[in-house]
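When you line the sequence shown up against our numbering, it's residues 62 to 312, in that order.
Beta carbons are placed, not taken as given, at the ideal position from N, Cα and C, and that holds for glycine.
As the structure is a prediction and not an experimental result, all values here were calculated from the model.
Before any comments, here is the structure.
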Amino acid sequence: TRRSSDLHISCVTLPVMEDHVINDFCIVPAVFQVGMALEAGVHLHGRTQVTLKDLVIPTALLLKNNTENKSINLVIRAGDDEKFMDFELNSIGDKDETVKESWQTHASGRLVMDKPEKMENTHEVPANIKRRCHIEHTLPEFYDFMWKREYGLGPMFQLIEHIWRNDYEACCPLTEYTAPDASGYTMYPVYFDCCIQLMMAIVAWDTPLDIFKTYVPLGCGTFNLYKTSFQKGKKLWCHTDCSKSYSADGP
Numbered sequence: 062t063r064r065s066s067d068l069h070i071s072c073v074t075l076p077v078m079e080d081h082v083i084n085d086f087c088i089v090p091a092v093f094q095v096g097m098a099l100e101a102g103v104h105l106h107g108r109t110q111v112t113l114k115d116l117v118i119p120t121a122l123l124l125k126n127n128t129e130n131k132s133i134n135l136v137i138r139a140g141d142d143e144k145f146m147d148f149e150l151n152s153i154g155d156k157d158e159t160v161k162e163s164w165q166t167h168a169s170g171r172l173v174m175d176k177p178e179k180m181e182n183t184h185e186v187p188a189n190i191k192r193r194c195h196i197e198h199t200l201p202e203f204y205d206f207m208w209k210r211e212y213g214l215g216p217m218f219q220l221i222e223h224i225w226r227n228d229y230e231a232c233c234p235l236t237e238y239t240a241p242d243a244s245g246y247t248m249y250p251v252y253f254d255c256c257i258q259l260m261m262a263i264v265a266w267d268t269p270l271d272i273f274k275t276y277v278p279l280g281c282g283t284f285n286l287y288k289t290s291f292q293k294g295k296k297l298w299c300h301t302d303c304s305k306s307y308s309a310d311g312p
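Here it is as structure tokens:
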């Protein structure tokens with residue numbers, strides 16, 4: 062079974078995009094591309110637990126300016142038993158859309174829709190993690206660090222409140238985003254983006270500016286969505302542990 066949806070994305074339809082500028086380019090965050098696929102899976106199958114596998118992001122999805130209205134196409138192909146769905150997110154360039162070379166793929170992967178066993182999602186409490194993390198960064202300090210490295214994250218992406226970290230691990234509480242444009246999401250993608258932002262406090266904080274390289278996500282092996290709602294007023298936390306994949310000497 063093949064399903065296809067045509068969408069339009071711009072800073073008008075998604076004002077939050079104006080707050081995500083990398084190296085002077087307005088880039089649609091990878092988490093919003095992931096979010097489109099997850100939303101489709103939840104909508105089509107009514108599942109609150111979804112696993113995304115083998116995500117590949119070959120090219121960035123750019124908005125040339127604040128007024129560009131980008132045409133994108135989400136294609137979903139379900140397996141014969143509909144226990145999984147492969148997806149692609151494509152955009153059309155300035156050429157004839159009937160010509161294959163005019164289309165560019167920005168994300169692809171597989172949604173596992175087989176009814177899962179109850180996924181284990183218990184987690185260490187933040188207080189225990191904070192005891193291992195003796196270095197702290199305030200919100201202004203962290204986002205000043207990001208801006209100096211060409212990550213132009215505006216207020217709608219500045220949801221990290223305070224960071225506790227060591228050389229391989231970090232955690233932070235998040236500000237709940239309550240603007241009307243977040244209400245239509247199963248889980249608001251900027252929360253996921255903050256988890257990626259948090260990695261920068263570990264892998265790049267001590268890197269001198271003159272040798273710093275911009276980091277952007279190119280893929281993900283497994284992404285588990287355990288729960289699609291949370292108790293109002295309950296604090297959200299990000300936790301990043303790079304101990305198995307990162308050392309001070311490099312990846």
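{"Item": "Does DSSP put His195 in a helix, in a strand, or in coil?", "Value": "coil"}
{"Item": "Which word fits Ala240, buried or exposed, when buried means at least 16 other C-beta atoms lie within 10 angstroms of its C-beta?", "Value": "exposed"}
{"Item": "Quick one, which of Lys114, His223 and Ile133 has its alpha-carbon nearest Leu99's?", "Value": "Lys114"}
{"Item": "Between the Cα of Leu116 and those of Val173, Leu123 and Arg64, spot the shortest distance and give me the residue it belongs to.", "Value": "Val173"}
{"Item": "First and last residue of the alpha helix (DSSP H) that includes Ala262?", "Value": "Pro250 to Val264"}
{"Item": "Can you tell me which of Val277, Ile83 and Ile137 puts its alpha carbon nearest to the alpha carbon of Arg64?", "Value": "Ile137"}
{"Item": "Which of helix, strand or coil does DSSP assign to Asp67?", "Value": "strand"}
{"Item": "Is the beta carbon of Arg226 closer than 7 Å to that of Cys194?", "Value": "yes"}
{"Item": "What residues in its chain sit with their C-beta under 8 Å from that of Ala309, if we drop five residues either side in the sequence?", "Value": "Confidence at Ala309 is low in this model, with a pLDDT of 43, below 50, so its placement is unreliable and no value can be given for it."}
{"Item": "Ala168 by DSSP, collapsed to three states: which one?", "Value": "strand"}
{"Item": "In terms of residue numbering, what span does the alpha helix (DSSP H) encompassing Tyr204 cover?", "Value": "Leu200 to Lys209"}
{"Item": "Please state whether DSSP places Thr74 in a helix, a strand or coil.", "Value": "coil"}
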